[in-house]
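First comes the structure, then the notes that go with it.
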Amino acid sequence: MKKTAVITGASGGIGGAAAIQLAKEGYSLALLGNRSKEKLQKVKQACMDAQPNSDAVIFSLCGDLSNAKEAGQLIQKAVESLGHVDLFLHCAGISHIGLLTDMSDEEWTNVINSDLSSVFYCCRKVVPYMISKKKGRILMISSVWGNVGASCEVAYSAAKGGINLFTKALAKELAPSNIAVNALACGMIDTPMNACFSKDEICEICEEIPAGRMGSVEEVAQTISLLSKAPIYLTGQILTIDGGWC
Numbered sequence: 002m003k004k005t006a007v008i009t010g011a012s013g014g015i016g017g018a019a020a021i022q023l024a025k026e027g028y029s030l031a032l033l034g035n036r037s038k039e040k041l042q043k044v045k046q047a048c049m050d051a052q053p054n055s056d057a058v059i060f061s062l063c064g065d066l067s068n069a070k071e072a073g074q075l076i077q078k079a080v081e082s083l084g085h086v087d088l089f090l091h092c093a094g095i096s097h098i099g100l101l102t103d104m105s106d107e108e109w110t111n112v113i114n115s116d117l118s119s120v121f122y123c124c125r126k127v128v129p130y131m132i133s134k135k136k137g138r139i140l141m142i143s144s145v146w147g148n149v150g151a152s153c154e155v156a157y158s159a160a161k162g163g164i165n166l167f168t169k170a171l172a173k174e175l176a177p178s179n180i181a182v183n184a185l186a187c188g189m190i191d192t193p194m195n196a197c198f199s200k201d202e203i204c205e206i207c208e209e210i211p212a213g214r215m216g217s218v219e220e221v222a223q224t225i226s227l228l229s230k231a232p233i234y235l236t237g238q239i240l241t242i243d244g245g246w247c
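Residue 2 is where the sequence shown starts when you use my numbering, and the numbers rise one by one after that.
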């Protein structure tokens, strides 16, 4: 049976790279995005070009995963179109940089809903499909800030910290059903999300990283690939890829 994956945030740096990596491995893919249909279509085309299996299915869906109803509908359509889901990879999310005292209610809610509530909405819908098959993998893209917190990124840190404990708790629920749930906490990765930093700021950050540089989205994608093949007994873990930083 063909391998399948549902990927949220597929138009982003990590999500897009992961999609292309899994396409190379023969996966059928449901690519979910929200903010950029054009970028999502480019990722879809890149996946189709990389796909070695002519019988594999690759399609894209757009919608707002921070909305409970819309997220549920998107996941249902994605899984039913694929027929089953082996891997659910959640890469969707946004960031916000600024002092807590300057943050509006709307900005706080937007980050929490986009980064944390979306995980709940999507998993609530995808889990029953996996339980019915008694197999599956769920992998969340988290952040080292979810482990240690970051100044001027309180909402983002809180959301990613929430994802980490969500991961551990859900792993305990789903282990009896042969479903692994893990999170990958990323450090400073060269993505559009980090394009807000100046060259000088990036240089200063890289001086703190033992590896001396930012990670690439391809390195994260390769790690995702490794985790997609890991034993199911590896579950409930927050694995870090940060060049030895945190």
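Built from N, CA and C at the ideal position, the CB exists for glycine as well.
Which residues DSSP lists as bridging residue i, in chain order
i, result
"Phe60", "Ala31"
"Thr9", "Leu33, His91"
"Thr241", "Ala186"
"Gly216", "Ile190"
Own chain, CB closer than 6 angstroms to residue i, minus 5 neighbours either side, in chain order
i, result
"Ile76", "Cys123, Lys126, Val127"
"Gly34", "Ala11, Ser12, Leu41, Cys63"
"Ile225", "Ala19"
"Ile21", "Ala47, Cys48, Ala51"
"Gly237", "Lys169, Ala172"
"Met104", "none"
"Lys4", "Tyr28, Asp87"
Residue from the options with nearest C-alpha to residue i
i, options, result
"Trp246", "Phe121, Pro53, Val145, Lys135", "Val145"
"Ala160", "Ala212, Ala186, Ile225, Leu88", "Ala186"
"Gln42", "Asn54, Gly16, Lys25", "Gly16"
"Gly244", "Leu235, Lys173, Glu220", "Glu220"
"Met215", "Thr224, Ala18, Ile203", "Ile203"
"Gly84", "Lys230, Thr102, Gly73, Ser29", "Ser29"
"Glu174", "Ile132, Asn148, Lys200", "Ile132"
"Ser61", "Ala6, Asp103, Asn54, Asp87", "Ala6"
"Tyr130", "Ala79, Glu26, Thr236, Val112", "Ala79"
"Val182", "Ser158, Ile210, Lys136, Lys4", "Lys136"
"Glu26", "Gly14, Val58, Thr192, Ser143", "Val58"
"Asn179", "Asp65, Leu235, Gly147", "Leu235"
Whole-Å CB distance - residue i paired with residue j, under 8 angstroms assumed
i, j, result
"Ser82", "Ala31", "6 angstroms"
"Leu117", "Ala93", "Going by Cβ atoms, the distance from Leu117 to Ala93 rounds to 11 angstroms, so no, they are not a contact pair."
Contacting residues, own chain, Cβ-Cβ under 7 angstroms from residue i (five flanking each side not counted)
i, result
"Ile98", "Cys153, Glu154, Cys197"
"Val120", "His91, Met141, Ile164, Phe167"
"Cys207", "Gly213, Arg214, Met215"
Any non-hydrogen atom of the ligand HEM within 7 angstroms of residue i CB
i, result
"Ser105", "By its list of ligands, the structure shown contains no ligand whatsoever, and the ligand HEM lies outside what it can speak to."
Which parts of the region 101-185 are runs of the beta strand (DSSP E), unbroken and 3 residues or longer, counting only runs that do not cross its ends?
137-144
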